[in-house]
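Colleague: Pasting a structure here, questions to come.
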Amino acid sequence: MADDMTSQDLLGVRDPAALSAIPQEELDRLTDELIAAFKTVFDPEIPVDIYELGLIYKVDIDDDRKVDIEMTLTAPGCPVAGEMPGWVENAAKSVEGIEAVEVSLTFDPPWDPSRMSDEARLALNML
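Here is the structure:
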């Protein structure tokens, strides 16, 4: 995840002043637990989780607790392209209170190493 983005930017956390059926405290809990769930999914060719790699582009939680996830892969020809969205869906579904999950793949913008967190760069000896 680029250093200038926060988890709230990434996850589309609502402005506390906005009307929502989900109380802000519960939305914060869901956000934290979704991030933890994403950190359990790894690209099999890279020893870093998909969240720290910056593969999760956008997450929206609607008032019915349906989660829409937009993600990418490190390369369009990734050998697990058909499987990884299912892994991400299962991880998100494991969060208590999430009712439904939909994962979509995008390659716009294409992923590049600048999306990785410092933690990922350190793990890959890129710092």
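Residue 43 in full-length UniProt numbering is what sits at position 43 of the sequence shown, and the numbering runs on without skipping anything. Just so it is clear, CB atoms sit at the ideal spot from N, CA and C, and this is done for glycine as well.
Leaving out five residues before and five after K39 in sequence, what residues of the same chain have Cβ atoms less than 6 Å from its Cβ?
Modeller: The residues are D49, Y51.
Colleague: Quick one: grab the DSSP three-state call for S114.
Modeller: The answer is helix: DSSP assigns S114 an H, G or I state.
Colleague: On the three-state DSSP scale, how would you describe D32?
Modeller: In this structure, D32 counts as helix in the three-state DSSP scheme.
Colleague: So, are the CB atoms of L73 and L34 less than 8 Å apart?
Modeller: No, Cβ-Cβ distance for L73 and L34 is not below 8 Å.
Colleague: Which partner residues does S104 have in the DSSP bridge list?
Modeller: S104 pairs with E70.
Colleague: Where DSSP assigns a beta bridge to V59, which residues make up the other side?
Modeller: DSSP output for V59 lists I69 as bridge partner(s).
Colleague: Just checking my contact of V80 with K93 at CB under 8 Å: how many whole Å lie between their CB atoms?
Modeller: Rounded, the Cβ-Cβ distance is 19 Å, inconsistent with contact.
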